[in-house]
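Protein chains in written order, with my numbering: chain A, 1 to 140; chain B, 1 to 140.
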DNA sequence: ACCTACATCGTAATTATTCCTATCTAAAAA
DNA sequence: TTTTTAGATAGGAATAATTACGATGTAGGT
């Protein structure tokens, strides 16, 4: 998913593309993740009066359309980012900050030996931290 | 960690054991996880006037002492449970709060297909949420 | 029994998120 | 073109989780 594809989805679904919706969507062109507060602050620099209601309403709209995904950070604040299509888990290097995506989701691939008491998994979080190969070899 | 060990930690650290702290701690004897709201409601049945301030302050205190651990559920509400000390990952039922431990750690067992750019994993977090088998069958 | 540092209560403040209503806008209908 | 209408927005109030605060209470040592 990228911003261009997102516009196509909106057109196909007959969803009005308002200036607010454009501005909000364009923020995600850098493929980073943002909190609702961060988004509102950025938008208000150029568009004073941009309402929180509008921010949240359209973030949720984009999530329903599959354009964005929402994840809950450990501090309890929601973060939004472009939907990569498949969900991803990341290894984060604590030395250089680089994020490395895992090639697949171990939950989807049934790599876990789940006890019988587990019924259905509706949400999961897998986060890996450490030192990337380059940092270990002193190449950075 | 169990409730008896928790009392020892509190004594060793010279932390006052008040009736409120006792009541709060005893709730975790069943080894389930609870939200702050659930805890406050339970306590107020027997102890009207139990303050939210006291609930949160002591939950955080117990977390700092290593007695409890806090995890963030997908809805952004924190859940607390006894700290097992050992390296375990859990499935948490969002309907009844039951925690089911995974039998092994998939990281330690090398179940993950890690990209070459990943060097060494020094910390990881794996949290599963959903509905346990009993809740799915309506047995609770 | 008496101090005193720390706990608690009751409540107010804070923060993220959702809801409400009047207003606005763009497209369809007349 | 004018009117209608469905949907969108602004602004602020409401809600819910969490944290902070001042006055009062109490556990544990002396």
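Cβ atoms here follow ideal geometry from the backbone N, Cα and C, with glycine treated the same way. Quick caveat, the model's predicted, so the values are computed rather than measured.
Check: Test: residue 142 of chain A CB closer than 8 Å to a CB of chain B; Outcome: Given a span of 1 to 140 for chain A in the structure shown, any question on residue 142 of chain A remains unanswerable.
Check: Pick from B/84, B/102, B/56 that is closest to residue 77 of chain B, judged by C-alpha positions; Outcome: B/56
Check: Simplified DSSP state of residue 50 of chain B, which is helix, strand or coil; Outcome: coil
Check: CB of residue 102 of chain A within 8 Å of CB of residue 129 of chain A, strictly; Outcome: no
Check: Residue 28 of chain B - DSSP class collapsed to helix/strand/coil; Outcome: helix
Check: For residue 61 of chain B, the residue or residues it bridges with in DSSP; Outcome: Partner(s): none; residue 61 of chain B has no beta bridge.
Check: Test: residue 135 of chain A CB closer than 8 Å to a CB of chain B; Outcome: yes
Check: Which listed residue (A/120, A/132, A/138, A/133) has its alpha carbon closest to that of residue 137 of chain B; Outcome: A/120
Check: Of the listed residues A/32, A/52, A/87, nearest to residue 41 of chain A (C-alpha basis); Outcome: A/52
Check: Pair within 8 Å by beta-carbon distance, residue 61 of chain A and residue 1 of chain A; Outcome: no
Check: Where residue 103 of chain A meets chain B, residues with beta-carbon distance less than 7 Å; Outcome: 113, 115
Check: Range covered by the alpha helix (DSSP H) that runs through residue 10 of chain B; Outcome: 3-12
Check: Nearest residue (CA-CA) to residue 26 of chain B, options B/3, B/39, B/35, B/32; Outcome: B/3
Check: Same chain, Cβ closer than 6 Å to residue 132 of chain A, neighbours up to 5 away in sequence not counted; Outcome: 93, 98
Check: Chain A contact for residue 1 of chain B (CB, 8 Å cutoff); Outcome: no
Check: Own chain, CB closer than 6 Å to residue 79 of chain A, minus 5 neighbours either side, in chain order; Outcome: 33, 35, 71, 73
Check: Sub-8 Å separation of residue 118 of chain B and residue 100 of chain A beta-carbons; Outcome: yes
Check: Buried or exposed by the 16-neighbour rule on C-beta atoms within 10 Å, applied to residue 29 of chain A; Outcome: exposed
Check: Cut-off 8 Å between Cβ atoms - residues of its own chain near residue 107 of chain B, not counting five sequence neighbours on either side; Outcome: 121, 124, 126
Check: Inter-residue Cα distance where the pair is residue 63 of chain A and residue 69 of chain A; Outcome: 5 Å
Check: Nearest to residue 48 of chain A (by Cα), restricted to the options A/104, A/6, A/19; Outcome: A/19
Check: Members of the segment 47-79 of chain A that neighbour chain B once the beta carbon cut-off is set at 9 Å; Outcome: 71, 72, 73, 74, 75, 76, 77, 78
Check: Start and end residues, alpha helix (DSSP H) containing residue 136 of chain A; Outcome: 133-136
Check: 7 Å CB neighbourhood of residue 50 of chain A in its chain, flanking five on each side removed; Outcome: 20, 40, 43, 44
Check: Short-range partners of chain B found in the segment 29-44 of chain A, where Cβ spacing is below 9 Å; Outcome: none
Check: Member of A/114, A/88, A/22, A/59 whose CA lies at the smallest distance from the CA of residue 91 of chain B; Outcome: A/114
Check: With 16 other Cβ atoms within 10 Å as the buried cut-off, status of residue 67 of chain B; Outcome: buried
Check: Minimum Cβ-Cβ distance from residue 120 of chain A to chain B less than 8 Å; Outcome: yes
Check: Buried versus exposed call for residue 89 of chain A [16 or more other C-beta atoms within 10 Å across all chains shown]; Outcome: buried
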